[in-house]
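K.L.:
Per the numbering used here, the sequence shown starts with residue 10, numbered consecutively.
Just so it is clear, CB atoms sit at the ideal spot from N, CA and C, and this is done for glycine as well.
Note that this is a predicted model, so its numbers are computed, not measured.
The following block contains the structure, expressed as structure tokens.
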Amino acid sequence: MTKMIRRRMAMAGTLVAPMLARRGWAQSAYPSKQIRMVVPFAPAGTTDLLGRIAAQHLAEAWGQTVIVDNKSGAGGNVGAEVVAHAPPDGYTLLLGTVGTAVTNQYLYKAMPYDSVKSFAPVALVGEVANVLAVHPSFPAKSLKEFVDYCKAQGPNKVSYGSPAVGGTGHLAMEYLSELAGIKLEHVVYRGSSLVMKDLLAGHILTTMDNLPPYLQHIQSGALRALGVSSLKRWFAAPEVPTIAEQGYPGFDAAPWWYVAAPAGTPPEIVSKLSAEIVKGCKTEAVIKRMRDAGASELPGTAEELAKQMVAETAKWKKVVDAAGLVPQ
10 MTKMIRRRMA MAGTLVAPML ARRGWAQSAY PSKQIRMVVP FAPAGTTDLL GRIAAQHLAE
70 AWGQTVIVDN KSGAGGNVGA EVVAHAPPDG YTLLLGTVGT AVTNQYLYKA MPYDSVKSFA
130 PVALVGEVAN VLAVHPSFPA KSLKEFVDYC KAQGPNKVSY GSPAVGGTGH LAMEYLSELA
190 GIKLEHVVYR GSSLVMKDLL AGHILTTMDN LPPYLQHIQS GALRALGVSS LKRWFAAPEV
250 PTIAEQGYPG FDAAPWWYVA APAGTPPEIV SKLSAEIVKG CKTEAVIKRM RDAGASELPG
310 TAEELAKQMV AETAKWKKVV DAAGLVPQ
């Protein structure tokens, strides 16, 4: 009996060893075929541009084709679901947003994936500042004057526009309102272009929205910027103070983007992807492409991305609850 068991164990060992060797070879050879970068929003937006920048860098670094596949819908949930259910082999990746990582779970009743359990964090990529902008006729030239004016008018007497319920602009303004002790009326638009059109015309007098589309109008004087939501002054508008430096230390409501893979992706592949993406986000070529798109580089490892998600989840859950938002 003992000899038979030993013989079977030996035979098993001879079978397992080649299998492990082939597995190790396959992982070390990654990538050996085309990679798909799923972007959960339509072409031409910031998410799409950052996805194409990341894809281009990986393609150039590894000599493999990396295609960008736009799968828009449900605030990014449609594309994120595609990746969540893809084979965990490193050949399907998500260029995600703070929505797909954190806030969508509080805004949608039926989530098609688990924000944490369905993905393997890979790397942080970039961020964009939101801006608190007002029409020149608005009677405030600083954030303090803005807050004082809103308090004097009373709850919901001052309105602001943003492109979406639960979007980064909406949540950033609710975050500021909670800290400042003010209450504003939210006017929802179907896109930033419509918000900006009405703001320039004076139909609404204030907004909190992604900075890049508004920058030219701020610089021309057609709009006035009272603060940016990033922790540091924004590279493209260094003259605009941060909200944090105007009496709200630590205020950070800059939308960020990241790369993730399906849960269960081998750690060796995640590590290789993470190292290459972080490396790319520190190169002059990638930084220039990002800044030309209005974004700033935010290189971060898989571990740093995981920590970011935990911290942001706690922060935005409080904001959502305080704003009284319920899943739709």
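Drop a sphere of 10 angstroms on the beta-carbon of Leu180, count the other beta-carbons inside from all chains shown, and report buried for 16 or more, exposed for fewer.
P.N.:
It is buried - the Cβ of Leu180 has at least 16 other Cβ atoms within 10 Å.
K.L.:
Buried or exposed, going by whether 16 or more other CB atoms sit within 10 Å of the CB of Arg199?
P.N.:
Label assigned to Arg199: exposed.
K.L.:
Between the region 75 to 93 and the region 292 to 299, are three or more C-beta pairs nearer than 8 Å?
P.N.:
Result no; under three Cβ-Cβ pairs closer than 8 Å.
K.L.:
Report the three-state DSSP secondary structure of Asp157 (helix, strand or coil).
P.N.:
Asp157: helix per DSSP, three-state reduction.
K.L.:
Going along the chain, which unbroken runs of the beta strand (DSSP E) with 3 or more residues stay wholly within the region 121 to 166?
P.N.:
If we require 3 residues or more, the beta strand (DSSP E) runs fully inside the region 121 to 166 come out as 128 to 136 and 139 to 143.
K.L.:
By a C-beta neighbour count over all protein chains shown, 10 Å radius and 16 as the cutoff for buried, is His66 buried or exposed?
P.N.:
With 16 or more Cβ atoms within 10 Å of its Cβ, His66 is classed as buried.
K.L.:
At which residue ranges does the region 56 to 128 contain complete alpha helix (DSSP H) runs of 4 or more residues, listed in the order of the chain?
P.N.:
The region 56 to 128 contains these whole alpha helix (DSSP H) runs: 86 to 93 and 113 to 116.
K.L.:
Once DSSP output is grouped into helix, strand and coil, what is the label at Leu203?
P.N.:
Residue state, collapsed to three classes: helix.
K.L.:
Using alpha carbons as the reference points, say which of Pro271, Asn165, Ser283 and Thr322 lies closest to His94.
P.N.:
It is Pro271.
K.L.:
Apply the 10 Å Cβ neighbour rule to Ser239 and answer buried if 16 or more other Cβ atoms are within range, or exposed otherwise.
P.N.:
By the 10 Å Cβ count, Ser239 comes out buried.
K.L.:
Out of Ala132, Gly72, Met46 and Gly85, point me to the one whose CA is closest to Met318's CA.
P.N.:
Selected option, being the one with the closest Cα: Ala132.
K.L.:
Only counting the same chain, and skipping five residues up and downstream in sequence, which positions put a Cβ closer than 7 Å to that of Val75?
P.N.:
If we look at Val75 and ignore the five residues flanking it on each side, its Cβ neighbours are Ile44, Met46, Ala64, Leu67 and Ala68.
K.L.:
Output needed for Ala129: all residues of its chain with C-beta closer than 8 Å, excluding positions within five of it in sequence on either side, in chain order.
P.N.:
Excluding sequence neighbours, Ala129 sits near Pro97, Ala269, Ala270, Pro271, Ala272, Gly273, Thr274, Val279 and Ala311.
K.L.:
Is the beta carbon of Ser171 sitting closer than 7 Å to the one on Asp207?
P.N.:
Contact: no.
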